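In my numbering, the protein residues as written are 2 to 524.
Now the structure itself:
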């Protein structure tokens, strides 16, 4: 603030303007050089820090994988029926699971059972620290079961997705039956486990499975922590635009310029790629591994972009993490730090957008080019989930470009069904999940905590956001991203996540005590 504007003469009768001091020319040159050297040094320091952070994250990932080996976690396989519901099909496959008994009280200690979802089971073992953090306090056996058709649990090996003849056994009911058989096997073969209460855990699709496991098999599972479980993200239960509105809100809450930049980018992409020269320019500017050639390529690029924004919203964790991709703390904030001027020209805006995208696909700095043909969630298996989305996991999504930042897209089940048939030779059943598991009508359900309904997580649109009974309760976590409460405790955790975890522990203790009390009565 200038002295004459900020102070005036308010009581300072002897006030005199400051004298202007002119430095010798050589001193000015020296100062400018010093500032230049300092800037260069700072840039180099930041570069070195980033390199060090990337190496640290790499070392942590290696250490985590080593930890899974060092903490006495065993990798085992169990022969399972390919088809649990046919008396004519006797084929079996090897179901992979991880087990750790370091903390287990073999005299009836509980079994913490993770219902694996769409990926190799090691990914979920590394990212579900809540189970590890609490196993010692509960003297629990830890089990992570891999979902059929994911990781190494492929019923027909490399043929598993080549034909409906092989892929047709990829269903949630078949997976739940795998888990029931595995639990039954463990309780009958591990000394002291026959009276052990089983507590199911799961996040996202795994959270849906953990809830359905308790609903379908209450005699097998004593209780379930279902984190970020969108069991109502289906036709007739949730509006198709709700999901994308939450994604948009996450970006808009950083700054409206951020979401506006993304909103404007779609038309710019369409306009620029309408010519061969424009396709070449965008391919070069964004350093695409494969140049854009056709309208199919353009649509594929836009689909990839949409998935990036969705994934950023899902894993907007308050600390660096690598659940889907290696990302910094508060990744949306970092991305939006670049997207600050939606009034830029088309090419300038797309150049800026690329800098933001770099945070997602190249935070480590090791990626040489942007491969839009590679999954935007490298840790998970998009092939299996794409098939499930074309059979029973039909979750309507739409956007209008006004209430959200996405390119307008309507939900058309007929078109969706046609696309699925062309790709997989199967037809989706849009109401099957509601028929199987009850939708919003589950009056007999009990002992389920629908947790991590993080309001940052777009999947909360299909989550259970209100308690349904005294024993089917919902935990709202305003500052929570995708199943943040199931992750390991971290100093940067929001207070509401810490409170949610304490609530989980209280419920788990209640379920275990109730199970043990019932067992004593039956003796």
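For glycine and all other residues, C-beta sits at the position ideal for the given N, C-alpha and C.
In this text, all values refer to a predicted model and were calculated from it rather than measured experimentally.
Bounds of any alpha helix (DSSP H) do not take in residue 364, whose DSSP letter is neither H nor E.
For the pair residue 238 and residue 39, the Cα-to-Cα distance works out to about 59 Å. About 19 Å separates the Cβ atoms of residue 451 and residue 314, ruling out a contact at the 8 Å cut-off.
In the displayed model, residue 452 falls within a strand according to three-state DSSP. Under the criterion of beta carbons closer than 8 Å, residue 391 and residue 425 qualify as touching, at roughly 5 Å.
Going by DSSP, residue 227 is part of no alpha helix (DSSP H) but of the beta strand (DSSP E) stretching over 224–228. Assigned with DSSP and collapsed to three states, residue 247 falls in helix. A Cβ-Cβ distance of about 5 Å is found for the pair residue 397 and residue 412, placing them in contact under the 8 Å criterion. Short of 6 Å from the beta carbon of residue 263, and not among the five residues preceding or following it, lie these beta carbons of its own chain, in chain order: 406. Residue 181 and residue 342 have their C-alpha atoms spaced approximately 54 Å apart.
Using a Cβ distance threshold of 8 Å, residue 348 and residue 255 do not count as a contacting pair.
Straight-line measurement puts the Cα of residue 495 at about 10 Å from the Cα of residue 318.
Membership of residue 110 in any alpha helix (DSSP H) is not indicated, and neither H nor E is assigned to it by DSSP. Per DSSP, residue 300 lies in no beta strand (DSSP E); the unbroken alpha helix (DSSP H) holding it starts and ends at 296–315.
Per the DSSP secondary-structure output, residue 413 pairs with nothing in a beta bridge.
When the beta-carbon positions are compared, residue 482 and residue 316 come within less than 8 Å of each other. Taking 8 Å as the cut-off, the beta carbon of residue 225 is found no closer than this to the beta carbon of residue 194. Cβ neighbours of residue 186 within its own chain (closer than 8 Å, five residues either side excluded): 79.
For residue 79, the beta-bridge partners assigned by DSSP are 96.
When the alpha-carbon of residue 351 is set against those of 144, 76, 520 and 286, the nearest one is in 286.
The distance from the Cβ of residue 290 to that of residue 372 is about 4 Å, consistent with a contact at the 8 Å cut-off. The DSSP-derived three-state label of residue 204 is strand. A residue is called buried once 16 or more other Cβ atoms fall within 10 Å of its Cβ, and residue 86, having fewer, is exposed. Residue 272 sits exposed, since fewer than 16 C-beta atoms from the chains shown fall within 10 Å of its C-beta.
Scanning 460, 449, 484 and 489 for the CA closest to the CA of residue 474 turns up 449. The beta carbon of residue 463 sits closer than 8 Å to those of 231, 232, 233, 234, 235, 238, 239, 243, 244 and 396, all from its chain and outside the five residues before and after it, given in chain order. Judged by DSSP secondary structure, residue 477 falls outside any alpha helix (DSSP H) and instead within the beta strand (DSSP E) spanning 473–478.
When the alpha-carbon of residue 148 is set against those of 213, 207, 421 and 404, the nearest one is in 207. Burial is judged here by how many other beta carbons sit within 10 angstroms of a residue's own beta carbon; residue 123 has at least 16 and is buried. Rounded to the nearest whole angstrom, the CA to CA distance from residue 520 to residue 95 is 32 Å.
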